[in-house]
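What follows is one structure encoded as structure tokens, with my remarks underneath.
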Amino acid sequence: MKGKDLLSSADLSRDDVERLFRAAALMKAHPERFAGSLSGKSAALIFEKPSLRTRVTFEAGVFTMGGLPIYLPHEEHHLGEREAVRDVARNLERWVSLIVARVFSHQVLVEMADNARIPVINALSDAEHPCQALADLFTLYERRSDPASWTLAFVGDGNNVCVSLMLMAATWGAHFRCANPEGYRVPAAAEAEARRRAALSGGTVEVHVDPVKAVAGVAAVYTDVWASMGQEDEAAQRERIFAPYQLNAALLSHAGRGALAMHCLPAHRGMEITDEVMDGPTSVVYDQAENRLHVQKAAMHALVHGLSGVV
Ligand code: CP
Ligand code: NVA
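Converting from the sequence shown to my numbering requires adding 1221 to each position, the first position being numbered 1.
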């Protein structure tokens, strides 16, 4: 993985995912062993949208590996307005070792990666959120490392989080189902790529409209907000359309016994997930959030140094 970009879950092979999980487990158990991993190096963190988890975990992650995180909020660079995206990339590569970017348009990430000789990490775009998917599946891996033992269902919008999770689950070899309302399915190209990867890994991919069918008997049920950042003006219409997809006790009762409840956060309590489920005994939402730190540290180490000698 050394020198590569992480823009999509599809940038990783099954071997990459397994090695990243093993490295993340090692970093979680023994963070001190990686305290000098980014010593003398800096990472630019470009954010066009708000963030709690992603910003804090990347800043803390770079710092605890001995490096300097440089946070660049939208007001400071106005990507593509004050300066062309390719020029931002061609400047940053002269000074720092990594670019981490949260953008509205995935195309901006692609342009940045095409113009920077240093690794670019997708910290969320309109199309994907691969760091989230790594943390989510690592949260399952910590409980049972065999992907074939996991059947998970995503209910709600076929958005960036759903796409990255579907692709990552298919790559890893898990059994993935999603339920999305008509008009809100994952893009056809992403679904086709997930099916292609599942055929290679031994995983499966199912796409449903009915949330009850999708969650029947599964070991984990995942949801995300109904209106993503940038879609706020569609919120009222989406609330009506997505209401049957709420992750509540009734829906969870159709899943397997003790099924985990998952959410990438931030959650809109009482909308896509109820308090009862989010604060319930099988909720792992804060484990997912914690694991963002560990998987991203593993990913940064992998992209800057490779993982040989680590796992
Ligand atoms: N899950 C996630 O990416 O959270 P933030 O938007 O707070 O970074
Ligand atoms: N789908 C959400 C995820 C937030 C982490 C969004 O894009 O706003």
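Where a beta carbon is used, it is the ideal one built from N, C-alpha and C, also for glycine.
Please read all numbers here as calculations on a predicted model, not as lab measurements.
| said: Given a cut-off of 9 Å on the beta-carbon distance, is the pair Thr1444 and Gly1527 in contact? | reply: Sequence index remark: in the sequence shown, residue 1444 carries index 223 (1-based). Sequence index remark: in the sequence shown, residue 1527 carries index 306 (1-based). No. Outside cutoff.
| query | Taking DSSP as the reference, what is the three-state secondary structure of Thr1444? | reply | Position 223 of the sequence shown, counted from the first residue, corresponds to residue 1444. If DSSP states are grouped into helix, strand and coil, Thr1444 belongs with the strands.
| What do you reckon, are the CB atoms on Tyr1466 and Pro1432 nearer than 9 Å? | On the sequence shown, residue 1466 is found 245 positions in, with the first residue counted as 1. On the sequence shown, residue 1432 is found 211 positions in, with the first residue counted as 1. Yes, the Cβ-Cβ distance between Tyr1466 and Pro1432 is below 9 Å.
| request: Identify, in the order they occur along the chain, each residue of the same chain with its Cβ nearer than 8 Å to the Cβ of Leu1524, setting aside the five sequence neighbours on each side. | output: The residue labelled residue 1524 in the question sits at position 303 within the sequence shown. These residues qualify, in order along the chain: Met1222, Lys1223, Gly1224, Lys1225, Asp1226, Leu1227, Leu1319, Pro1340, Ile1342.
| Hey, would you say the C-beta of His1515 is under 8 Å away from at least one heavy atom of the ligand CP? | Locating residue 1515 in the sequence shown gives position 294, where the first residue counts as 1. Every heavy atom of the ligand CP is 8 Å or more from the Cβ of His1515, so no.
| field | Closer than 8 Å: Cys1485 CB and nearest the ligand NVA heavy atom | value | Walking along the sequence shown from the start, residue 1485 turns up at place 264. Flag set: Cβ of Cys1485 near the ligand NVA.
| query | Alpha carbon to alpha carbon, how far is Cys1383 from Leu1373? | reply | Within the sequence shown, the letter at position 162 stands for residue 1383. Within the sequence shown, the letter at position 152 stands for residue 1373. C-alpha separation (whole angstroms): 12 Å.
| task | Please determine, among Ala1305, Arg1417, Trp1316, the residue with the shortest C-alpha to C-alpha distance to Val1329. | result | As a working note, residue 1329 is residue 108 in the sequence shown. With distances taken between Cα atoms, Val1329 lies closest to Ala1305.
| Bounding residues of the alpha helix (DSSP H) (the contiguous stretch that carries Ser1422) | For this step, residue 1422 is matched to residue 201 along the sequence shown. Element bounds for Ser1422: 1409 to 1422.
| Hey, is the segment 1361 to 1372 in contact with the segment 1391 to 1404, meaning 3+ C-beta pairs nearer than 8 Å? | yes
| Contact set for Gly1451: own chain, Cβ-Cβ below 8 Å, skip 5 residues either direction | Here residue 1451 corresponds to residue number 230 of the sequence shown, with the count starting at 1. Contacts found: Lys1270, Phe1325, Asp1347.
| query | Roughly how many angstroms separate the alpha carbons of Ala1441 and Ala1410, rounded to a whole number? | reply | Numbered from its first residue, the sequence shown carries residue 1441 at position 220. Numbered from its first residue, the sequence shown carries residue 1410 at position 189. Between Ala1441 and Ala1410, the C-alpha separation is close to 25 Å.
| If we count the other Cβ atoms within 10 Å of its Cβ and call it buried at 16 or more, is Ala1470 buried or exposed? | Position 249 of the sequence shown, counting from 1, holds the residue named residue 1470. Classification of Ala1470: exposed, given that the 10 Å Cβ count is below 16.
| field | Proximity of Arg1240 and Val1532 at Cβ, strictly below 9 Å | value | For the purposes of this step, residue 1240 is taken as the residue at position 19 of the sequence shown. For the purposes of this step, residue 1532 is taken as the residue at position 311 of the sequence shown. Going by C-beta atoms, Arg1240 is nearer than 9 Å to Val1532.
| query | Under the three-state reduction of DSSP, which class applies to Val1525: helix, strand or coil? | reply | Taking the sequence shown and counting its residues from 1, the one referred to as residue 1525 is at position 304. Residue state, collapsed to three classes: helix.
| message | Taking the alpha-carbon of Pro1290 as reference, which of His1522, Glu1280, Glu1493 has the nearest alpha-carbon? | response | Translated into positions along the sequence shown, residue 1290 becomes position 69. Nearest option by C-alpha distance: Glu1280.
| message | In this structure, how does DSSP classify Ile1462 when only helix, strand and coil are distinguished? | response | In the sequence shown, the residue the question calls residue 1462 occupies position 241. Ile1462 falls in the helix class under three-state DSSP.
| Residue closest to Arg1406, alpha-carbon to alpha-carbon, out of Leu1247, Ala1413, Asn1380 | By 1-based counting over the sequence shown, the position of residue 1406 is 185. The shortest C-alpha separation from Arg1406 is found at Asn1380.
| Ser1449 CB to nearest heavy atom of the ligand NVA below 8 Å | Translated into positions along the sequence shown, residue 1449 becomes position 228. Yes - the ligand NVA has a heavy atom lying nearer than 8 Å to the Cβ of Ser1449.
| request: Apply the 10 Å Cβ neighbour rule to Ala1457 and answer buried if 16 or more other Cβ atoms are within range, or exposed otherwise. | output: Indexing the sequence shown from 1 puts residue 1457 at position 236. Exposed: under 16 other Cβ atoms inside 10 Å.
| request: State yes or no: is the C-beta of Val1283 within less than 9 Å of the C-beta of Ala1264? | output: The sequence position of residue 1283 within the sequence shown is 62, counting from 1. The sequence position of residue 1264 within the sequence shown is 43, counting from 1. The answer is yes: Cβ separation under 9 Å.
| task | Give the DSSP-derived three-state secondary structure of Val1532 in the structure shown. | result | Your numbering for residue 1532 matches position 311 in the sequence shown. Val1532 falls in the coil class under three-state DSSP.
| query | Cβ-heavy atom distance between Asp1378 and the ligand NVA below 8 Å? | reply | Position 157 of the sequence shown, counted from the start, is the residue given in the question as residue 1378. Yes, since a heavy atom of the ligand NVA falls inside the 8 Å radius drawn around the Cβ of Asp1378.
| message | According to DSSP, is Glu1332 part of a helix, a strand, or is it coil? | response | To locate residue 1332, count along the sequence shown from 1; it is residue 111. In the structure shown, Glu1332 sits in a helix (DSSP, three-state: H, G or I).
| field | Reference Leu1514; option with closest CA among Leu1247, Arg1243, Ser1272, Thr1278 | value | Taking the sequence shown and counting its residues from 1, the one referred to as residue 1514 is at position 293. Of the listed residues, the one whose Cα sits closest to Leu1514 is Thr1278.
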